[in-house]
Amino acid sequence: MHELKKGKYFNIGYLFGFSAIFIWSFTAYIVKSYAEPKDGLSVAFFSILFSILFSIGYFFLKEKHHLKSNMEILKNNHKLKLYIFISAVFICLHYLSIYYIFSTPYVVQGNIINYMWPLLFLFLAVLYQEKKH
C-alpha cells in the first residue's frame, strides 16, 4: 500500500492488474496489425521467440545475483516445477490460439476470447481470494 495525500492509501496491485489487462489486450492488436501479410505460424513462432528472449534477458540483466539461490529453490520445490510446467502449457496454448485466429476465418471469435480471458482470470482470482478468507 502506498500512502496518498491526507492518510489515504492506494493499493498498487490494482494498478498492476489493470495495466496487465490493458497491455494484454493491446498485444493482440499489435500482433494482428503486423502479421497481416504473414501466415499464422510465423506469427506464433516470432511471438514465442521474442517472449523467450525478453524473459531470459530480463532474468539475466536484473536478477543475476539471485541465480544460484533460485536454482536451489527449483531443485527442492516440486510444486514450483509443476507451476512452471502448467504455465508453459498455457502459454503454448495461447500462442497456438493466435495461430488458429490468423489461419481460420474465425478471427472475431478468436480475438474475443483473446481479449476476455485475462478479465475472466482476474475475476476468478478475486472470487478465489474471497472464498479463501
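For what it's worth, the numbering used here labels the leading residue of the sequence shown as 196, then goes sequentially.
We treat Cβ as the ideally placed atom computed from N, Cα and C, and that holds for glycine.
Assigned with DSSP and collapsed to three states, Asn271 falls in helix. Rounded to whole angstroms, the separation of the alpha carbons of Tyr278 and Pro313 is 18 Å. Contact check for Leu322 against Ile216 fails: the beta carbons are separated by 8 Å or more.
Counting the other CB atoms within 10 Å of its CB gives Ala239 a total of 16 or more, which places it among the buried residues.
Residue environment for Ile281: exposed (fewer than 16 other C-beta atoms within 10 angstroms of its C-beta). Around the Cβ of Ile293, a 10 Å sphere holds 16 or more other Cβ atoms; the residue is buried.
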